[in-house]
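Here the structure is laid out as structure tokens; the discussion comes afterwards.
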Amino acid sequence: MDQQEPSANLKPSANAKPSANLKPSANAKPSVVLEQFLQQHPDIEIFEVLLHDLNGIQRGKWLPREQISKLFNGGYKMPQSTCSMDSWGRDLEELVAATGDSDGVCQPHISTLALVPWADRPTAQIIVSMGSFTGDEPYLGDCRAVLANILERFDKLGLTPVVASEMEFHLFELDPDQFGVPQHSQRALDGSPALGGQTYGLDAMRETAPLMDAINSAAKIQNLPVDTLITEFGPSQFEINLYHQDCALRACDQGSMLKRAIRQVARSHDRVASFMAKPFADQVGNGMHIHFSLVDADGNNVFNNGTDTGSALLNQAVAGCLATMADSMAIFAPNINSFRRMVPGCYAPLAPNWGYENRTTAVRIPGGDHRAIRIEHRVAGADANIYLTVAAMLAGVLHGIENKLSAPAPVVGDAGEVEPVLPHFWNDAIKAFEQSDFIRQALGSEMQRNYAQSKRMEKQEFDSRVTLMEYDAYL
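Sequential numbering of the sequence shown, starting at 0, is according to numbering that gives the first Met the number 0.
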């Protein structure tokens, strides 16, 4: 669905309401902000320290209040291999063998310090990045560090990405059925799943009002600038949008924190919130659409030239996204279930194409005020790592701008009924990713190697299992 229009000027803070709990000045030292936070919240007992792995899963530790200063003094370490764990939390064996499972110093990001309203005990949380053993350098197997490097390249061009995300998710009953299949929270009178999700349905929203109000309250407490929350196309499906940010790292931090908040609040209301790409074969899946524009040092949107078609720089950015899309599919579709979504009729792009006001294309240019012209990248599933998704997308933009690429003609009409051109199977996507010069140069050889090895290890588990369908067909 539609994202809000990014401002033509670089002033997203007008939309993002500051937390009542933490109002650090722009130049305040992290240690000072921490001390202010501790004074404002003397009841806090536990700090959850969150580190993201390649799947975007938050790993970490709980620190008691009296030890949180250790994190800000460079004394908090974790194995660097934590960044490369698979979906089940297993180490990447090749990496552990090669490095001896060495530690790295974790660096806290003070802007992510927030209360945890769903915790049983007074708790706060903070996101960290992995560093080297001494903490002097970032660890380039960390997804957040990879995105930071991409943003440095934009900074050298005098450009800043303004980024917003919108994510779809399902709300299921707490208990699955007898076969382990999730059960819809929206049902027809006969108990079967509802035929649709009542897209934009206010009555459907009202039925889940206590849960949705709790999600909004948690987002406010954690300083997460939620824009809109709506019912989506599928039964039990919803979409939540965040306001745009002039820092892509901040936008990704907020996206990750919001997914966590939705999951935790839903569970406290006896529901399971799932960002799985394709929970049901015969129903639509969950996507994660990224909206972005680029602004110059004066805050001007460089995609805007006063026309509906946009600037030459917009065309180059689109061309770069299309040219690098196939190489990045292993990020946009990170697991075996992700590719269940890549079928006709499910609003998931099958080919690298683009269009104006066209939701059937992989890249869409929404209409509206010329000053807010932007790109909507529609390929990734809600199961994708938001940091790597934005990194790959923005790296594609750089590829288009630096090489002055030209986009093909925009698609008019339905672009969904096409033969798949993008990697259509998981193995093909991993192969394209691990052999890509673009990925190696943009995301780094460390990330390319670790990600490909982790995904191959994960894929091996699925390849070696015998499914119920096989028993049904062949036993």
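Note that CB positions come from ideal geometry on N, CA and C, so glycine has one too.
Start-to-end residues for the beta strand (DSSP E) that takes in residue i
{"i": "Pro-78", "result": "76-78"}
{"i": "Leu-442", "result": "Segment 436-442 is the alpha helix (DSSP H) holding Leu-442; no beta strand (DSSP E) there."}
{"i": "Cys-246", "result": "Where Cys-246 is concerned, there is no enclosing beta strand (DSSP E), given that its DSSP letter is neither H nor E."}
{"i": "Pro-107", "result": "102-107"}
Cβ-based neighbour list, residue i, same chain, cut-off 7 Å, excluding 5 preceding and 5 following
{"i": "Lys-22", "result": "For Lys-22, the predicted model reports a pLDDT of 48, less than 50, meaning its position is unreliable and no value from the coordinates is stated."}
{"i": "Gln-315", "result": "Gly-399, Ile-400, Lys-403, Leu-404"}
{"i": "Pro-107", "result": "Pro-29, Leu-70, Phe-71, Ile-125, Val-127"}
{"i": "Glu-416", "result": "Pro-343"}
{"i": "Asp-326", "result": "Ala-431, Phe-432, Ser-435, Phe-437, Ile-438"}
{"i": "Ser-267", "result": "Trp-117"}
{"i": "Cys-251", "result": "Leu-146, Ile-385, Tyr-386, Val-389"}
{"i": "Arg-373", "result": "Pro-5, His-290, Phe-291, Ser-292, Phe-302, Pro-365"}
Under 7 Å between C-beta atoms of residue i and residue j
{"i": "Ser-451", "j": "Phe-432", "result": "The question names Ser, but residue 451 in the sequence shown is Ala. In this structure, Phe-432 lies closer than 7 Å to Ala-451 by Cβ."}
{"i": "Leu-421", "j": "Met-328", "result": "yes"}
{"i": "Asn-352", "j": "Val-389", "result": "no"}
{"i": "His-243", "j": "Val-294", "result": "no"}
{"i": "Gly-380", "j": "Arg-340", "result": "yes"}
{"i": "Gly-130", "j": "Gly-103", "result": "yes"}
{"i": "Arg-152", "j": "Leu-397", "result": "yes"}
{"i": "Ser-235", "j": "His-169", "result": "yes"}
{"i": "Gly-254", "j": "Ser-164", "result": "yes"}
{"i": "Gly-366", "j": "Thr-360", "result": "no"}
{"i": "Asp-413", "j": "Ala-276", "result": "no"}
{"i": "Met-166", "j": "Met-287", "result": "yes"}
{"i": "Gly-395", "j": "Gly-319", "result": "yes"}
{"i": "Ser-83", "j": "Leu-94", "result": "yes"}
{"i": "Val-264", "j": "Val-317", "result": "no"}
Unbroken alpha helix (DSSP H) run spanning residue i, endpoints
{"i": "Phe-237", "result": "Careful: Phe-237 lies outside any alpha helix (DSSP H), inside the beta strand (DSSP E) at 236-241."}
{"i": "Thr-98", "result": "92-98"}
{"i": "Thr-388", "result": "385-401"}
{"i": "Pro-475", "result": "Beyond the ends of the chain as shown, which are 0 and 474, falls residue 475; an answer cannot be given."}
{"i": "Arg-470", "result": "Here the sequence assigns Tyr to residue 470, which means Arg is not the residue at that position. Start and end: 467-473."}
{"i": "Ser-30", "result": "29-39"}
Close Cβ partners of residue i (< 6 Å) along its chain, the five nearest in sequence each way excluded
{"i": "Asp-269", "result": "Leu-173"}
{"i": "Leu-387", "result": "Cys-142, Ile-330"}
{"i": "Ile-109", "result": "Pro-29, Val-32"}
{"i": "Lys-60", "result": "Val-48"}
{"i": "Arg-64", "result": "Ile-43, Glu-44"}
Cβ neighbours of residue i in the same chain (closer than 8 Å, five flanking residues each side left out)
{"i": "Arg-455", "result": "Ile-429"}
{"i": "Ala-260", "result": "Trp-117, Ile-214, Ala-217, Ala-218, Gln-221, Leu-223"}
{"i": "Thr-133", "result": "Val-104"}
Residue i, buried or exposed, once every other Cβ within 10 Å from all chains shown has been counted against 16
{"i": "Asp-368", "result": "exposed"}
{"i": "Ser-463", "result": "exposed"}
{"i": "Leu-467", "result": "exposed"}
{"i": "Leu-474", "result": "exposed"}
{"i": "Asp-245", "result": "buried"}
{"i": "Ala-472", "result": "exposed"}
{"i": "Glu-457", "result": "buried"}
{"i": "Gly-542", "result": "In the structure as shown, the chain begins at 0 and stops at 474. Residue 542 is therefore absent and cannot be evaluated."}
{"i": "Asp-52", "result": "buried"}
Quiz item: Contact between the stretch 131-143 and the stretch 64-82: three or more CB pairs below 8 Å?
Solution: Segments in contact, yes.
Quiz item: If we count Cβ pairs, one from each stretch, closer than 8 Å, do we get three or more for the stretch 41-60 versus the stretch 104-124?
Solution: Two segments are said to touch when three or more pairs of C-beta atoms, one from each, lie closer than 8 Å; by this definition the stretch 41-60 touches the stretch 104-124.
Quiz item: Hey, is the stretch 213-229 in contact with the stretch 144-156, meaning 3+ C-beta pairs nearer than 8 Å?
Solution: No contact exists between the stretch 213-229 and the stretch 144-156.
Quiz item: Three or more C-beta pairs closer than 8 Å, one from the stretch 294-311 and one from the stretch 329-339: is that the case here?
Solution: Contact between the stretch 294-311 and the stretch 329-339 is absent, because fewer than three Cβ pairs lie under 8 Å.
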